[in-house]
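In terms of our numbering, the sequence shown opens at residue 24 and continues consecutively.
Each residue gets a CB set at the ideal place from its N, CA and C atoms; glycine is no exception.
Down below is the structure, laid out as structure tokens.
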Amino acid sequence: MFIKKNMNYKKILLVLLILGGISWGCQAVVEDLTGPSSLGNNLGIISQPNTIVIGGGSTTISVTVFTVDSVPVPNATVTLTTSLGTLGAASLTTNAGGGATTTLTPGTIRGIAYVTAAIDNITAVTAVSIIN
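Spelled out as structure tokens, the structure:
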């Protein structure tokens, strides 16, 4: 009887570990890449972390501008907008590596903040979950 109960606990533990691994794997950070623009540039945006708590911090929003040949584009102006929360800057200028960062701070409304980056005639979007 003890062995049979012990086996059931092992099976339950195995199922929980598998479900936990699947859940962990579903939290991958995905960068949205679009392009090329009318000037031949590509645009990428990513948020890290992609979940923030109301009243508990912020997330970093990173944008990258590069040519179709993957050459970084310095001094490019990228405009940002968000559907929820507050951006640290609505306009960014890329550095020598083609990148720029700002922050997104949650407001008082929970939901999904869609942060959109725009340059030339293209946009890229990242989603940030804002939770209680």
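- For the pair V101 and V91, the CB atoms are not nearer than the 8 Å cut-off.
- The beta-bridge partner set that DSSP reports for T104 consists of T139.
- Your pair L107 and V86 does not check out as a contact, with CB atoms roughly 18 Å apart and the cut at 8 Å.
- Taking every protein chain shown into account, the CB of A141 has 16 or more other CB atoms within 10 angstroms, so this residue is buried.
- Look at the region 77-103 and you find these whole runs of beta strand (DSSP E), each 3 residues long or longer: 82-90.
- Rounded to the nearest whole angstrom, the C-alpha separation of T139 and L62 is 19 Å.
- DSSP places A150 in the uninterrupted beta strand (DSSP E) bounded by I145 to I154.
- Remark: C-beta atoms of I84 and I153 do not approach each other more closely than 8 Å.
- Shown here, N118 sits in coil according to DSSP, grouped into three states, outside any helix or strand.
- In this structure, DSSP gives L62 a state outside helix and strand, which the three-state scheme calls coil.
- Take V96, set aside five residues on each side of it, and the residues of its chain with a beta-carbon closer than 8 Å to its own are N64, V88, F89, T90, T117 and G121, in chain order.
- Cβ neighbours of A119 within its own chain (closer than 6 Å, five residues either side excluded): P97.
- With contacts defined by Cβ atoms closer than 8 Å, S93 and T126 do not form a contacting pair.
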